[in-house]
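Participant: Numbering (my numbering), first residue to last: -6 to 485. Heads up, the beta-carbon is just placed ideally off N, CA and C, and yes, glycines get one too.
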Amino acid sequence: MDFAPSFALIAPELLLTGAGLALLMVAAWGGDKAARFVAIAAAAALFGAGFMLVPGLHFGTDGPETIAFGGLMRVDSFALFAKALIYLAAIACLMIAPAFFNSAAAGQERGLRSEYPVLILFAALGMNIMVSAADFMTLYLGLELNSLASYVLAAILRRDTRSAEAGLKYFVLGALASGILLYGMSLLYGFTGGTDFATVRAGLTGELAIGALLGLIFVLAGLAFKIAAVPFHMWTPDVYEGAPTPVTMFFATAPKVAAVALTARVVFEVFGAQVTAWQQIVMFTALASIIFGALGAIGQENLKRLLAYSSINNVGFILLGLAVANEAGASAMLVYLFIYVAMSLGGFTALLMLRSEEGELFETFGDIRGLSVTQPAIAWCLLLFMFSLAGIPPLLGFYSKFVVFQATVEAGLIAFGAIAIAASVIGAFYYIKFVKVMFFDEPADVVKGSSGTAHWVLLFLTAAIISPLGYLLTPSLTDLADKAAAALFLAV
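1) So, helix, strand or coil for asparagine 295, using DSSP?
2) Put methionine 227 into one of helix, strand or coil per three-state DSSP.
3) Would you decide whether lysine 476 is buried or exposed? Buried here means 16 or more other CB atoms lie within 10 Å of its CB.
4) When you compare each of Gly208, Ile60, Gly289, Gly309 to leucine 181 by their alpha carbons, which one comes out closest?
5) Alpha carbon to alpha carbon, how far is arginine 67 from threonine 188?
6) Would leucine 364 and valine 430 be called neighbours here (beta carbons separated by less than 9 Å)?
7) Out of Gly183, Val145, Tyr176, which one is the CA nearest neighbour of valine 165?
8) Is it a yes or a no for the region 234 to 244 touching the region 270 to 279, going by three-plus beta-carbon pairs under 8 Å?
9) Three or more C-beta pairs under 8 Å: does that hold for the region 72 to 82 against the region 148 to 166?
10) Quick check on this structure: which residue in Ala90, Thr229, Ala400 has the alpha carbon closest to the alpha carbon of serine 158?
11) How far does the alpha helix (DSSP H) with tyrosine 329 in it reach, from first residue to last?
12) Report yes if the CB atom of valine 260 is closer than 9 Å to the CB atom of leucine 296, and no otherwise.
13) Need the endpoints of the alpha helix (DSSP H) that serine 140 sits in, please.
14) Can you tell which of Phe331, Asp231, Phe244, Leu481 has the C-alpha that lies nearest to the C-alpha of isoleucine 458?
15) Candidates Phe190, Leu288, Lys26, Met18: which alpha carbon is nearest leucine 112's?
16) What residue does the alpha helix (DSSP H) around phenylalanine 358 start on, and which one ends it?
17) For the alpha helix (DSSP H) containing arginine 106, list its first residue and its last residue.
18) Three or more C-beta pairs under 8 Å: does that hold for the region 115 to 127 against the region 275 to 293?
19) Taking the DSSP output, what are the residues bridged to arginine 151?
20) Would you mind reading off the limits of the alpha helix (DSSP H) that contains leucine 87?
21) Have a look at phenylalanine 422 and alanine 222 and give me their C-alpha separation to the nearest angstrom.
22) When burial is assigned at 16 or more other CB atoms within 10 Å of the CB, is valine 232 buried or exposed?
23) Going by beta carbon distance, what residues of the same chain come within less than 6 Å of methionine 130, once the five residues before and after it are set aside?
24) May I ask you to list the residues that DSSP assigns as paired with arginine 67?
25) Taking all protein chains shown into account, do 16 or more other C-beta atoms lie within 10 angstroms of the C-beta of arginine 29, making it buried, or fewer, making it exposed?
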């Protein structure tokens, strides 16, 4: 069999693999002194991999020519859209990490570790494999490559008890979720006789056997853990709070994109013939995530824990688009995902820029009192991010919720859309609390803003994207999302 076309399809993955292995050797021999070079080289590799996606994103890729290695991978427009978002988020996390690790916030382990960029690269490689998976074996390979790198990233500050605790909790619960997912995959294999998505889909036509239904439920449960959806969200607040803030920012963006894209591919390509079986599960998970995320965040004082509940809430809205179970819903889900990534990157970047005179990061509402006086530029950008997350017009966060609600209503799921809208009003409370504390409370302390150019560039860029200026991007964004959704359903 000629594998040359397959290798051409996975050129970005090959680049990341080669770069990851080479930089791993550089990090091993050069130690932390080589960290800056390794970080720059890793960002360049991600940029190069992203550049390879441009033709496919522009012209669209679908059909049989997107299949690689005899059906193990599918590199269509849907996968390319997700990969582009993953690369952008990973590059952003590499840009802002050095300032954090070189500050007092890193505790006794001051200084960027050379393995940090390498782990980001391998996590991105795993996510690439996830979003292109067309077989359960490929899916699990990518999922575990991403997960293992993520566990280490969460605990990268070895002498910090919170970081170690976050890594341990993530590892233990992640292993449990992987076991659940594997059990579901084994059940599906037993009832259908194959692991590739096409074979499993063909075996799930007609009346669904109890064992096959259990397999479907276990697979969805395992994937729900990866996207931090209720009721498999329990790890999120603790891991977000305990992990170093650049790592938390990474967890809130790139892996979320990969897990959502993987879930969409599985429900449509594998369970597409059993929509009634999975739609009610996804719908329950979506509404539960929206409501619990909104209510759980209200009493939080730690900003990272609050943003963890915010991510749970936003995952609910993303799953609402998935639950619509048609092309319009999938397109709305991708539009929401892009805007959510921009808002999350901006919000965490703003938090990373706020430090006390001793260099400690601010993590509570008490720390950011009167921020509009001490750091007005950061305060105004945070206002934009919080209002956008709340879905207040004319910011782009409103548009993301609008397209999801529109798809929901057009599909006849009006009651579910109404519940989601009501819950989003509840969620607005804690976003507006940011504004109240920053603009109406007396300043708590001297606040130092990070002078890193990368921070300011990322802050203002993401603020511009989610501002009304961002509507200039919506035609192109919608077009890309429509192509991606069409490719996903063409695979079905």
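Facilitator: The structure says:
1) strand
2) coil
3) buried
4) Gly208
5) 15 Å
6) yes
7) Val145
8) no
9) no
10) It should be noted that the sequence gives glutamate, not serine, for residue 158. Closest option to glutamate 158, Cα to Cα, is Thr229.
11) 320 to 345
12) no
13) 129 to 147
14) Phe331
15) Met18
16) Run containing phenylalanine 358: none; DSSP gives neither H nor E here.
17) Arginine 106 -> no alpha helix (DSSP H), and no H or E assigned at all.
18) no
19) Bridge partners of arginine 151: none, in fact.
20) 70 to 94
21) 21 Å
22) buried
23) Thr188
24) Ile60
25) exposed
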